[in-house]
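Beneath this line is the structure, given in structure tokens, with notes to follow.
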């Protein structure tokens, strides 16, 4: 990095969860300075939230883009950390105003909005990074490198699951902010657990294997009475190339806090990774003893080393993986501005096309469930 990039943020004000995570991630590697924000839908709360952080505050994102674009010290990159229904408008406006964009997942509220953002990114020539943060873990990138190098042979089976338990009751009726918008289809979109967790699981499976889900068969439930979006879903998956898979997303599985897990099996062996134990990767070569690969230990792939910050035995986790997405985004943006090719190891970030596949995945799963569990093309 020749200098820190100036960052503005849409959303993430007082009472928000993910905004604080984005701010910590952006600061961790010294790649960004947060200089401005339109941090809430309520103008006064937006201004108060900016004052809390000591940055330039704006009442809405349109005012922020106009104000920052005209400043010599204005923002260059916009981070969007709003609820799902407010991703499309600020992302589109920021791209058209010449800003690079880092956007929380899922990409948008609908497939149509996602398609529009893909077209907008293509027209603008800007960098667009989607924060599927689990792809930033060193051992996830090690798994991806091993699969791409053929160490498992042809992939046959992919099992991915993301269960939580925090919505096992009508939490949304208590005034809890996160549960309130995540269970509102007008703000969350078609999918509840599918949009919140299933998109992460879907992206992780595609990211590591390099295979795209072609069709799904879904059984989707809202177990909590009166809930308007799904809180549990079981899916069968068909991947390009013939691999088969299963995906489970749930917010009503007691005892599961954030239990994202991935298992991949090929002709010559398997891999298993768990988000709650992110520094280890289980490798099971066919006919040989299982091997536990550990972050920063032994001869790992350069992709894993690229995403590693501290020595072995000092755990890295959620925030570091999130920060890896920001660090890689900064390298891509800086390289474009300097007229050079980015470090190839920094180009593995999720992009707008990945986000659109996630939107189509959720839409296909809901359509499949509504059709009584029919195979549906993604």
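Residue numbers (this note's numbering): 4 to 381.
For each residue, glycine too, the CB sits at the ideal point set by N, CA and C.
Tell me whether residue 314 is buried or exposed, calling it buried when 16 or more other Cβ atoms sit within 10 Å of its Cβ.
-> Answer is exposed; the Cβ neighbour count stays below 16.
Using the Cα positions of residue 389 and residue 163, report the straight-line distance between them to the nearest angstrom.
-> Outside the shown range of the chain (4 to 381) lies residue 389, about which nothing can therefore be said.
Is the beta carbon of residue 310 less than 8 angstroms from the beta carbon of residue 105?
-> For the 8 angstroms CB-CB criterion, residue 310 and residue 105 do not form a contact.
Assign residue 47 to one of three DSSP states: helix, strand, or coil.
-> Of the three classes helix, strand and coil, the one that applies to residue 47 here is helix, per DSSP.
Close beta carbons around residue 218, own chain, < 7 angstroms, minus the five adjacent residues each side | Only residues of its own chain outside the window of five on either side were considered, and among them 241, 378, 379, 380 and 381 have a CB closer than 7 angstroms to the CB of residue 218, listed in chain order.
Okay, do the stretch 353–362 and the stretch 60–78 touch, 3+ Cβ pairs below 8 angstroms being the bar?
-> Contact between the stretch 353–362 and the stretch 60–78 is absent: fewer than 3 CB-CB pairs across the two stretches fall below 8 angstroms.
Who are the near neighbours of residue 259 in its chain, counting only those whose CB is closer than 7 angstroms to its CB and skipping five residues on each side?
-> Exclusion of the five residues before and after residue 259 leaves 166, 167 and 168 as the residues of its chain whose Cβ lies within less than 7 angstroms of its Cβ.
In whole angstroms, what is the alpha-carbon distance linking residue 338 and residue 330?
-> Computed Cα separation, rounded: 12 angstroms.
Are residue 413 and residue 107 close, meaning C-beta to C-beta below 8 angstroms?
-> An answer regarding residue 413 cannot be provided, because it is not within the stretch 4 to 381 covered by the chain.
Which whole-angstrom value describes the C-beta separation of residue 35 and residue 8, a residue pair presumed to lie in contact below a C-beta threshold of 8 angstroms?
-> That pair is a contact at about 5 angstroms.
Select from 320, 277, 351 and 319 the residue whose C-alpha is nearest the C-alpha of residue 328.
-> Out of 320, 277, 351 and 319, 351 has the C-alpha closest to the C-alpha of residue 328.
With 16 as the cutoff for other CB atoms within 10 Å, does residue 20 come out buried or exposed?
-> Using a 10 angstroms sphere on the CB of residue 20, the tally of other CB atoms stays under 16, which defines it as exposed.
Identify every run of the alpha helix (DSSP H) within the stretch 284–357, keeping only runs that are complete inside it and at least 4 residues long; order them along the chain.
-> Along the stretch 284–357, the alpha helix (DSSP H) occurs as fully enclosed runs of 4 or more residues at 305–309 and 321–341, listed in sequence order.
Quick one: using the 10 Å Cβ neighbour count with 16 as the cut-off for buried, is residue 273 buried or exposed?
-> Using a 10 angstroms sphere on the CB of residue 273, the tally of other CB atoms reaches 16 or more, which defines it as buried.
DSSP state of residue 61 mapped onto helix, strand, coil = Reduced to three states, the DSSP call for residue 61 is coil.
Tell me whether residue 373 is buried or exposed, calling it buried when 16 or more other Cβ atoms sit within 10 Å of its Cβ.
-> Label assigned to residue 373: exposed.
Who are the Cβ neighbours of residue 312 in its own chain at under 7 angstroms, not counting the five residues just before and after it?
-> Within the same chain, 319 and 323 come within 7 angstroms of residue 312 by CB-CB distance, once the 5 residues on both sides are set aside.
Just to confirm, are residue 114 and residue 366 a CB contact at a threshold of 8 angstroms?
-> With contacts defined as CB atoms closer than 8 angstroms, residue 114 and residue 366 qualify as a contacting pair.
Tell me whether residue 123 is buried or exposed, calling it buried when 16 or more other Cβ atoms sit within 10 Å of its Cβ.
-> Taking a 10 Å sphere around the C-beta of residue 123, we find 16 or more other C-beta atoms and assign the residue as buried.
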